[in-house]
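J.: Number 330 in full-length UniProt numbering belongs to position 330 of the sequence shown; there are no gaps in the numbering. Note that the Cβ used here is the ideal one computed from N, Cα and C, for glycine as well.
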Amino acid sequence: MHIGFDVSQTGSGKAGCGYYAHAMLQAMLVHAPEYRYSLFPSFGDFYFDALMPVRSPYAGNNVHYGPRHITREIASVFWANPDVETQLGMPDIIHANNYWCPIQLMSSRLVYTFYDLGFAIDPSWTMETNRTGCFDGVFRASVAADWVVAISEASRDHYLRVFPHFPEDRIRVIYPCSRFVDSNGEGKRPKSMGNIPSGSYWLNVGTIEPRKNQRCLVDAYARYIASGGAPMPLVLAGGKGWLMDDFKEHLLDLGIAAQVVMTGYVSDDELIWLYRNCYANLYPSLFEGFGLPVLEGMKFGAPTLTSDTSSIPEVAGDAAILLNPADTAAWADSMLRLSQNKDEREQLKIKSRRQAGKFSWQSSATALLDLYREAAMLPKRQMI
């Protein structure tokens, strides 16, 4: 089988989509080395990474890069070509791992990874250009994709509600997993942590932006402190995102600025240390397609308080305290109770590792390869 695979977001500065594609590809190469893999470092006109390495980081004589394009315009022209399949070597599968996908494929089966529709739910969660671009890609897939891979049951159900014309029997849930393979690593203590003792801080991981709901979290933290909670600092590990210019001023208004540590960007090694040594991992996101910080924290045994919305209960199972992300009082009360109950914390640590063990790239790659084989055997879906 000849598999064409979008790796346009796996280069420098990769985020969730890039990590998904990178880890999935690595696992497939282990499980199915007999197949031929063509990797596409530029993919359509919406996503483009000019910083892909010249030499492939994916080992094997069965792996090679497809066409590389040095500008978005050149990439756009190439991927709009009606005969693009021939120029790509007629792959049996072309797998799109971002929001854009080609719609002119006559022979290759188009597989499309769908993450979520968060961009369409609340205008404050993204910029208008991003929202329209993402929706265009998701709609194109609803018309042209032979198969859709959803990253959670919640995402699958949402997709079918918005695009009821897509055949339900051609959408498959295949979970992402933690990018951290070794759960025994100690990691590296971030310099921004100063003299904060291990095991004595609350942790939140993610870009500081409205959808991640850190404003509600700091409100809950202020209530927790005012209620006599143990004075453990709150560590926010992530860069500043969209519509949060007044966030530090809000901390001052709450009177907790000195107790909140904003690390900015952290490396993978630093993130491992933060997960491993936190008192608990707090993740009050308003909406997720999956919720990787929940799973990644659990892999290192982090006790977890998280939202009861969208896909997050699928990830957390019974191993976390699930809360309404808008209920600051409930968050403050749960933090206070957990800070006073070491036995409950230890039970959550045990449950976290057990829950994280249910997810593996090996099983996800096996499921995706099974889908490829099924797709190659069945006729192409007729475009509507």
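(1) Assuming contact is defined by CB atoms lying nearer than 7 Å, are S178 and L295 in contact in what I supplied?
(2) According to DSSP, F40 sits in a beta bridge with which residue or residues?
(3) Exposed or buried, what is Y265 when buried is set at 16 or more other beta-carbons lying within 10 Å of its beta-carbon?
(4) I need the straight-line Cα distance from A258 to M298, nearest angstrom please.
(5) Under 8 Å: do the stretch 270-290 and the stretch 207-226 share three or more Cβ pairs, one atom per stretch?
(6) Would you check if the distance between the CB atom of L336 and the CB atom of Y224 is smaller than 7 Å?
(7) Rounded to whole angstroms, what's the CA-CA distance from F46 to D6? Just pull it up for me.
(8) Pairing CB atoms from the stretch 94-101 with CB atoms from the stretch 135-146, are three or more of them under 8 Å?
(9) Rounded to the nearest angstrom, what separates M127 and E209 at their Cα positions?
(10) Among D182, G239 and S227, which has the Cα closest to the Cα of G206?
(11) Ordered along the chain, which non-local residues of its own chain (more than five positions away) have a Cβ less than 8 Å from that of L371?
(12) Let me know if L203 comes out buried or exposed under the rule of 16 or more other beta-carbons within 10 Å of its beta-carbon.
(13) Using the rule of at least 16 other Cβ atoms within 10 Å of the residue's Cβ for burial, across every protein chain shown, is A319 buried or exposed?
(14) Any idea what DSSP makes of M262, helix, strand or coil?
(15) State the DSSP-derived secondary structure class of F46, mapped to helix, strand or coil.
(16) I'd like to know if the stretch 322-332 and the stretch 356-372 are in contact, where contact means that at least 3 CB-CB pairs between them fall below 8 Å.
(17) The alpha helix (DSSP H) with N130 in it runs from where to where?
(18) Could you tell me the boundaries of the alpha helix (DSSP H) in which R72 lies?
(19) Over what stretch of residues does the beta strand (DSSP E) that includes N281 continue unbroken?
(20) Would you say A376 and M24 are within 7 Å of each other, going by their C-beta atoms?
(21) Hey, how far is the Cα of A15 from the Cα of S8?
(22) Looking at C-alpha atoms only, which residue of N195, S363, A144 and L117 is the closest neighbour of R161?
(23) Check whether the Cβ atoms of P231 and V261 lie closer than 7 Å to each other.
(24) Apply the 10 Å Cβ neighbour rule to K191 and answer buried if 16 or more other Cβ atoms are within range, or exposed otherwise.
(25) Which residues does DSSP list as the beta-bridge partners of L348?
(26) In terms of residues, what are the limits of the beta strand (DSSP E) holding H69?
(27) Please state the DSSP three-state secondary structure of V162.
(28) Please classify Q355 as buried or exposed, where buried requires at least 16 other C-beta atoms within 10 Å of its C-beta.
T.: So, from the data block:
(1) yes
(2) D6
(3) exposed
(4) 28 Å
(5) yes
(6) yes
(7) Unreliable positioning characterises F46 in this predicted model, as indicated by a pLDDT of 49, which lies under 50. A coordinate reading is not provided.
(8) yes
(9) 12 Å
(10) G239
(11) V111, W147, V149, R172 and I174
(12) buried
(13) buried
(14) strand
(15) Residue placement at F46 is flagged as unreliable, the pLDDT there being 49, under the threshold of 50; a coordinate-derived value is accordingly withheld.
(16) no
(17) E128 to A144
(18) R72 to A80
(19) A280 to Y283
(20) no
(21) 12 Å
(22) L117
(23) no
(24) exposed
(25) None, per the DSSP bridge assignment.
(26) That residue, H69, is in no beta strand (DSSP E); it is neither H nor E in DSSP.
(27) helix
(28) buried
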